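Using my numbering, read the sequence shown as starting at 1354 and increasing by one per residue.
Where a beta carbon is used, it is the ideal one built from N, C-alpha and C, also for glycine.
Every value quoted in this text rests on a predicted model; they were computed, and no experiment measured them.
Here is the structure we will look at, set down as structure tokens.
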Amino acid sequence: MSGWVAPWDEPWVKAHRLSRPMFITLYDAADRGTGRVRAFYPGGQWRLVRAGLYRRGLIELDNRLTACGHVAAIWAGAAVRRGYPARPDEVRTR
1354 MSGWVAPWDE
1364 PWVKAHRLSR
1374 PMFITLYDAA
1384 DRGTGRVRAF
1394 YPGGQWRLVR
1404 AGLYRRGLIE
1414 LDNRLTACGH
1424 VAAIWAGAAV
1434 RRGYPARPDE
1444 VRTR
């Protein structure tokens, strides 16, 4: 088996031509569970991230995730959990 792969370097991310900021934005949307992406990058970079996600059909003009965007956000969350599994002492229960 090959070595560790960063979540934003997984084959499905490369196939969709997502940049690291796009991936992180999708992961943030999945983590918050609101169905919307938010601007946490500086102005110009956020416009590029938003335009890239829109061109790929992952968000609407009002920053809502499309159906494909929801799937990509779920995959992003799973990729992060695969790449950074919790250690036993970090697992928290409610």
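With 16 or more other CB atoms across the displayed protein chains lying within 10 angstroms of its CB, THR1378 is buried. With a threshold of 16 other beta carbon atoms within 10 Å, ALA1432 meets it and is buried. In the three-state reduction of the DSSP assignment, LEU1418 falls in the strand class. Within the region 1383-1416, the runs of alpha helix (DSSP H) at least 4 residues long that lie entirely inside it are, in chain order, 1396-1408. Per DSSP, reduced to three states, the secondary structure at ALA1432 is helical. Closest by C-alpha distance to ASN1416, out of ARG1434, TRP1428, GLY1436, MET1375, is MET1375. In terms of Cα proximity to GLY1430, the closest of HIS1423, ALA1383, VAL1358, ARG1391 is ALA1383. When C-alpha distances from ARG1409 are compared across LYS1367, GLY1356, ASP1362, the shortest belongs to LYS1367. Within a 10 Å sphere around the beta-carbon of TYR1437 sit fewer than 16 other beta-carbons, which makes this residue exposed.
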